[in-house]
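Taken in order, these protein sequences are the chains called F and P.
Just so we're aligned, residue 805 is where the first sequence starts under our numbering, counting upward by one.
Just so we're aligned, residue 3 is where the second sequence starts under our numbering, counting upward by one.
Just so you know, even glycine gets a beta-carbon here, dropped at the ideal spot from N, CA and C.
Worksheet: one structure, shown below.
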Amino acid sequence: MLQFTLQRLLWLIPTLLMMALVTFLVMHATPGSPLDPVAEGANPLSPEAQKNLAEAYGLDKPLWEQFSIFLGKALHGDFGQSFVYKTRTVREILTGAFPVSLLLGSMALVLAVTGGVTLGVLAAVYQNRSWDYASVTIATLGVSVPNFVLAVFLIVLFSFVLPVFPTGGWGDDPKFWVLPTVTLALGPMGIIARFTRSSMVEVIRSDYIRTARAKGLAEAPVILKHVLKNACIPVVTLLGPLFAAVGTGSFFVESIFRVPGMGRFFVESMTGRDYPMIMAVILLYGGFLALMNLVVDLLYGFIDPRIRY
Amino acid sequence: MALSTPASGTSLDAADLLAVAPTAATSSLWRDAWRRLLHNKLAVVGGVTVACLCFVAIFANVLAPQSYTKANFGNIYQFPSREFPLGTDQLGRDVLSRMIYGARVSMLVGLGSQVIVVLLGVPLGAAAGYLGGRADILMTRFIDVMYAFPRLLFVILIMSMLGAGLVNIFIALGLTGWVGIARQTRAQVLMLKEKEYVEGARALGARGWRVLTRHILPSALTPIVVSITFGIPEAIFTEAALSFIGVGINPPTPSWGQMVGENQQFLRSYWYLCVFPSIAIAVTMLSFTFFGDGVRDALDPKMK
């Protein structure tokens, strides 16, 4: 177990390195440069000015040298100065934004898991009855409708038609949190609900459940103790991709609800060719997701003792 | 063709006689699947909606009452009326016409990207599975690295580096999308190449290329078709998401995602600018999901 954990932790290093390299190559191999803004209304820079700026930011060095300088600094947690927000370092910006995204993401994940499992259980227990149809409908909506479209519908419903929640913004008041969290959670919730339902349906039909019922156990403990426990195992495997879904989903949700998290910087850094920022954001997302996948794998072995590492 | 010997390149091949049996079985499999699909009401509704969307997309230039670029500054921000059924936008352009042309972009991206994905993914996956050995190891490693990258993250990165535009969307979706189908094909080929009927074909003298294309791939078709039916809405979603954040379709070409993204800040004042394209995206995605679920259940009733 310990050996497996260590091995997997060590695997993070080449994975992150590969990610850094691929991102770096994609950034530099594609036409365009941060010094020569293609955006409308940008000031065209004279060749001398471009050369000076390239020197100042180290962009004139050969690519391999730039990459190794980046790696050396990144190992010390220094991702350099942002090209777009010239007065701030990437680290400053991200330490402000990451906690916000983390809070939003965690709330969404908790809602997705609890809501999804509940819907799935209801659907499986009341198979082909109205509860089943209701939860399948919610699940299908969540799975197939993009979250920025859901956001539009939720804002229209809960900010305009019934003015309960604000249309956007962020603060300590939980009323700001409701709509972004629900929007972000609906998609993953739908996936979990669908998965839980099919997994539960399979377990309900198994022999040991028939035994549990035969020995006179009431329906509630059968479902909650015997069925749910085993039906949860495949659902745990979903958590890895779900972290990714919540992470990438937050770009859109944060932009539509004006949440000051990482999502905004992600898109801005990409379109502004903010190299240091892009590298930092991608490595942060990638590293976080890889770490979460590891946690999920360990959790899997914990929940299902049949699995040995 | 590099795999085949000259002799098996000719049309007379004893092993082809064997292929007759699986072919007959496949055609009835498809017929059965079609019958099951028609019995599934949701799938039929989804399929009909998809067909309507395709019709709108193909005949957009005939159906649209106005040009999608024609600005009319005397008529900006008109609410839905008899003249403009879905209102006009900040340049006075007819929203209905722009949405009709938006269907064209969505369908083009959805179907076109899958063509690229299949053309890349199926041969690569089949080659890896069939050849095995070093080629296979190399391919699987590469696929694993691609999987580690959150897909949308990668697509956004490629799009912002290449710049917005339809061709670049195809490039980005093709580059990232083939991995899934290649993995699928590889697994199928690995499983099928050990089957008795393939061994029989080989024993009768068919080899390499012929075994793969005539005997293995036809049987591997089912999961590939299922993966395509789910790939289409995913591509449509990706285009909408990219256009929403402004790195997808280039204006003035309209796209539903772009219309939602451009107008979301005016949601309170001009709700219709956002709500109608949102409905279009939701309906399209739901129809494809219903249809895809139906196709999957029809092709493999065990999976339900």
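Pick from the options that is closest to residue i, judged by C-alpha positions
| i | options | result |
| --- | --- | --- |
| V917 of chain F | F:Q811, F:T891 and F:A997 | F:A997 |
| L958 of chain F | F:L926, F:I817 and F:V986 | F:V986 |
| P87 of chain P | P:F75, P:L93 and P:R100 | P:R100 |
| F292 of chain P | P:S30, P:T51 and P:R33 | P:T51 |
| I145 of chain P | P:L223, P:L177 and P:G114 | P:L177 |
| A130 of chain P | P:Q186, P:V124 and P:D138 | P:D138 |
| S162 of chain P | F:F1070, F:F962 and F:N856 | F:F1070 |
| L194 of chain P | P:F268, P:D299 and P:L219 | P:L219 |
| S108 of chain P | P:N265, P:M148, P:E236 and P:Q80 | P:E236 |
| F246 of chain P | P:T255, P:V262 and P:P256 | P:V262 |
| I230 of chain P | P:R298, P:R270, P:E241 and P:F75 | P:R298 |
| V227 of chain P | P:G76, P:V117 and P:Y79 | P:V117 |
| V925 of chain F | F:I1027, F:K865, F:L863 and F:G900 | F:I1027 |
| I281 of chain P | P:P152, P:G104 and P:M141 | P:G104 |
| R153 of chain P | P:R209, P:T240 and P:L65 | P:T240 |
| V1031 of chain F | F:T1041, F:A1048 and F:S1002 | F:S1002 |
Minimum Cβ-Cβ distance from residue i to chain P less than 8 angstroms
| i | result |
| --- | --- |
| A989 of chain F | no |
| V953 of chain F | yes |
| Y861 of chain F | no |
| L1093 of chain F | yes |
| V1071 of chain F | yes |
| T944 of chain F | yes |
| E844 of chain F | Only weak support is given to the placement of E844 of chain F: the predicted model assigns it a pLDDT of 45, under 50, and the question is left unresolved by the model. |
| G1051 of chain F | yes |
| F902 of chain F | no |
Unbroken alpha helix (DSSP H) run spanning residue i, endpoints
| i | result |
| --- | --- |
| K877 of chain F | L867 to L879 |
| K1033 of chain F | L1032 to I1060 |
| G94 of chain P | Element bounds for G94 of chain P: n/a, residue is neither H nor E. |
| G259 of chain P | W258 to N265 |
| V917 of chain F | V894 to V929 |
| D864 of chain F | From DSSP, D864 of chain F is part of no alpha helix (DSSP H); its letter is neither H nor E. |
| V1100 of chain F | Y1079 to I1107 |
| Q811 of chain F | L806 to A833 |
| L945 of chain F | S934 to S948 |
| L849 of chain F | Premise fails: L849 of chain F is in no alpha helix (DSSP H) and is neither H nor E. |
| Q190 of chain P | L168 to L194 |
| W273 of chain P | W273 to L301 |
| G958 of chain F | A quick correction: the sequence has Leu, not Gly, at residue 958 of chain F. Per DSSP, L958 of chain F belongs to the alpha helix (DSSP H) from N951 to I959. |
| D977 of chain F | D977 of chain F -> no alpha helix (DSSP H), and no H or E assigned at all. |
| S1003 of chain F | V982 to I1008 |
| T71 of chain P | Where T71 of chain P is concerned, there is no enclosing alpha helix (DSSP H), given that its DSSP letter is neither H nor E. |
| N63 of chain P | A62 to L65 |
| D882 of chain F | Note, D882 of chain F: premise wrong, no alpha helix (DSSP H); not H, not E. |
| S229 of chain P | L223 to F246 |
Supposed contact pair residue j and residue i - C-beta distance, whole angstroms, cut 8 angstroms
| i | j | result |
| --- | --- | --- |
| V200 of chain P | H217 of chain P | 5 angstroms |
| N1097 of chain F | G1044 of chain F | 4 angstroms |
| F902 of chain F | M1066 of chain F | 6 angstroms |
| T1075 of chain F | G167 of chain P | That pair is no contact at about 14 angstroms. |
| G946 of chain F | L988 of chain F | Contact doesn't hold; Cβ gap of about 11 angstroms is too wide. |
| W273 of chain P | V965 of chain F | Wrong, their Cβ atoms sit about 10 angstroms apart, outside the cutoff. |
Residue i versus residue j: straight-line alpha-carbon distance, rounded
| i | j | result |
| --- | --- | --- |
| A1035 of chain F | F999 of chain F | 9 angstroms |
| G296 of chain P | S289 of chain P | 11 angstroms |
| V213 of chain P | R188 of chain P | 15 angstroms |
| G202 of chain P | R1068 of chain F | 59 angstroms |
| D1108 of chain F | L907 of chain F | 29 angstroms |
| S948 of chain F | L98 of chain P | 24 angstroms |
| C276 of chain P | N252 of chain P | 18 angstroms |
| L913 of chain F | P992 of chain F | 8 angstroms |
| V894 of chain F | D1078 of chain F | 10 angstroms |
| S221 of chain P | L133 of chain P | 18 angstroms |
| L122 of chain P | R106 of chain P | 24 angstroms |
| P279 of chain P | H41 of chain P | 31 angstroms |
| R1009 of chain F | A243 of chain P | 41 angstroms |
| L1095 of chain F | N77 of chain P | 54 angstroms |
| A1018 of chain F | A59 of chain P | 58 angstroms |
| I171 of chain P | L983 of chain F | 31 angstroms |
Min CB distance residue i to chain F below 8 angstroms
| i | result |
| --- | --- |
| C276 of chain P | yes |
| F239 of chain P | yes |
| P152 of chain P | yes |
| I160 of chain P | yes |
| S280 of chain P | yes |
| M287 of chain P | yes |
| P235 of chain P | yes |
| V120 of chain P | no |
| I283 of chain P | yes |
Contact list for residue i against chain C, beta-carbon separation under 9 angstroms
| i | result |
| --- | --- |
| A1035 of chain F | Looking for chain C here will not work: the only protein chains present are F and P. |
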